[in-house]
Amino acid sequence: MFAKPQTEHQWLDQLIGNWSLQHECKMPDGSTSTATGKIECRSLGGMWLIAESSGESNEGDAWSSIMTLGFDLAQQRYVGTFVGSMMSNIWQYHGILEKDGNRLPLDTEGPKFDGSGMCPYRDTIEIVDTDCWLMNSAMQTEDGKWVTFMHGTHKRV
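In this note's numbering, the protein residues as written are 38 to 194.
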């Protein structure tokens with residue numbers, strides 16, 4: 038009980054603050070969409086990052102989401118969750134920071150776009166600098182290839 042924040046927890050502090058976001062999606066069927074909005078990232082006791090987002094799609098649909106991220110000392114990896122108003126499933130993350138210290142790939146599993154079952158997904162957070170970070174989302178196809186379908190840019194407000 039009462040774990041103390043470690044270096045891995047402190048890595049998440051780079052994301053603390055208020056950000057504008059722009060996400061561009063290209064779905065496997067070729068359709069595209071964009072979303073703009075805002076994201077507020079805060080720390081929960083130095084152990085967890087809570088990221089609350091809201092915005093609007095290019096079709097005018099409002100959305101909101103909550104992402105949690107922390108570092109599990111017992112598992113020695115980052116863990117977290119993602120839920121959004123536009124979906125009924127919860128995404129459970131796990132990942133290990135890349136050696137360059139700028140990219141955190143978060144693996145998860147979720148429903149295929151065509152509804153035919155589940156498949157692996159990977160959301161990758163990449164720190165560009167103190168005022169910008171990226172989030173890319175990819176899915177793994179049945180032949181093992183990773184296909185990026187979403188690219189998000191977050192700029193400090």
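For each residue, glycine too, the CB sits at the ideal point set by N, CA and C.
Because the structure is a prediction, the values reported are computed rather than measured.
- According to the DSSP assignment, Leu143 belongs to the beta strand (DSSP E) that extends over Arg140 to Pro148.
- Looking at the DSSP output, Thr185 sits in a beta bridge with Ala175.
- The beta carbons of Thr161 and Pro148 sit about 20 Å from each other, so the pair does not count as a contact at 8 Å.
- No residue range can be given for Gln113, since it is assigned to no beta strand (DSSP E) and is classified by DSSP as neither H nor E.
- In the three-state reduction of the DSSP assignment, Asp166 falls in the strand class, which pools E and B.
- Between Gly92 and Thr73, the C-beta spacing is below 7 Å.
- If you check the CB distance, Leu106 and Cys78 do not come in under 7 Å.
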